[in-house]
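Notes follow once the structure below has been shown.
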Amino acid sequence: MDGPLVPLGEIVATHGLAGWLRLHLLNPRSETLSAGVEVWLELAGARSNYRIETAQPHGKQLLIKLRGIDHIDPARSCIGAKLLVEESALAVLESGEYYQYQVIGFEVLDTCGNKIGRLVSTWSTPGGELYVVEGLTREHLIPAVKEIVEKVDFIEKKIVINPPEGLLDL
-16 MDGPLVPLGE
-6 IVATHGLAGW
4 LRLHLLNPRS
14 ETLSAGVEVW
24 LELAGARSNY
34 RIETAQPHGK
44 QLLIKLRGID
54 HIDPARSCIG
64 AKLLVEESAL
74 AVLESGEYYQ
84 YQVIGFEVLD
94 TCGNKIGRLV
104 STWSTPGGEL
114 YVVEGLTREH
124 LIPAVKEIVE
134 KVDFIEKKIV
144 INPPEGLLDL
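Counting from 1, position 143 in the sequence shown corresponds to residue 126 in this note's numbering; the numbering is continuous, with no gaps.
Structure (structure tokens):
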């Protein structure tokens, strides 16, 4: 392993008897995982290294076959594991674009400088990505769209949003 590892999803189930795994992707539109890609499974603090033999879409999930997992029994032991790849395996983004994992932990403020909370995760929905922001008293779901997200500051680790009236009351 040469660089930092990035989570792409979680193994949620087995599929069939031949060791196939069902993967819930953090970003359903991710195209990083394909045959030959090196991955790590992390479960209970332990990491194991594998190579993808085959990957294919399965509804909203991805079915993957990992080299060395050829039966349902070892596949079952992977359920709950986070699937990680080296950061260098991710596609290079256009200027102004970023991966969701890069903004986790950022402070979220409104345009007046009022603290909304801290971004704790993202949620992919059919309508688009949502930022899950943990406030002092409640959790906020903020659409991750340019009409609301005004600025992402990687140096100060802050996101400035301009929420429409009532969004933070939902």
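Don't be surprised by glycine CBs; every beta carbon is placed ideally from N, CA and C.
Let me check understanding here. Comparing Cα to Cα, which of the options lies closest to residue i?
{"i": "Thr94", "options": "Gly42, Val135, Tyr114 and Ile47", "result": "Val135"}
{"i": "Arg121", "options": "Leu102, Thr108 and Val128", "result": "Leu102"}
{"i": "Val41", "options": "Gly28, Leu113, Arg12 and Gln83", "result": "Here residue 41 turns out to be His, not Val, going by the sequence shown. Taking only the C-alpha atoms, the option nearest His41 is Arg12."}
{"i": "Gly149", "options": "Lys129, Glu133 and Ile125", "result": "Ile125"}
Just curious, the alpha helix (DSSP H) that residue i is in, first and last residue?
{"i": "Ala58", "result": "Ile55 to Arg59"}
Given a cut-off of 8 Å on the beta-carbon distance, is the pair residue i and residue j in contact?
{"i": "Leu(-9)", "j": "Leu16", "result": "yes"}
{"i": "Val68", "j": "Val116", "result": "no"}
{"i": "Glu90", "j": "Lys43", "result": "no"}
{"i": "Ala38", "j": "Ala18", "result": "yes"}
{"i": "Leu26", "j": "Leu66", "result": "no"}
{"i": "Ser71", "j": "Leu9", "result": "no"}
{"i": "Ala64", "j": "Leu24", "result": "yes"}
{"i": "Val86", "j": "Ile142", "result": "yes"}
{"i": "Gly100", "j": "Leu119", "result": "yes"}
{"i": "His123", "j": "Leu92", "result": "no"}
{"i": "Gly111", "j": "Ala127", "result": "yes"}
{"i": "Glu21", "j": "Arg30", "result": "no"}
Could you please give the first and the last residue of the uninterrupted beta strand (DSSP E) stretch that includes residue i?
{"i": "Pro40", "result": "Ala29 to His41"}
{"i": "Gly(-1)", "result": "Unbroken run through Gly(-1): none, as it is neither H nor E."}
{"i": "Lys141", "result": "Lys141 to Ile144"}
{"i": "Val132", "result": "Val132 to Asp136"}
{"i": "Arg101", "result": "Lys98 to Thr108"}
{"i": "Pro126", "result": "Glu122 to Pro126"}
{"i": "Glu112", "result": "Gly111 to Glu117"}
Could you tell me whether any Cβ in chain C is nearer than 8 Å to the Cβ of residue i?
{"i": "Leu124", "result": "Annotation note: the requested chain C is absent from the structure, which comprises a single protein chain."}
Measure the beta-carbon distance from residue i to residue j and round it to whole angstroms, keeping in mind my assumption that it falls under 8 Å.
{"i": "Ile138", "j": "Cys61", "result": "Not confirmed; about 38 Å, so no contact."}
Touch test, the segment -2 to 17 against the segment 48 to 57, Cβ-Cβ under 8 Å, three pairs minimum: yes
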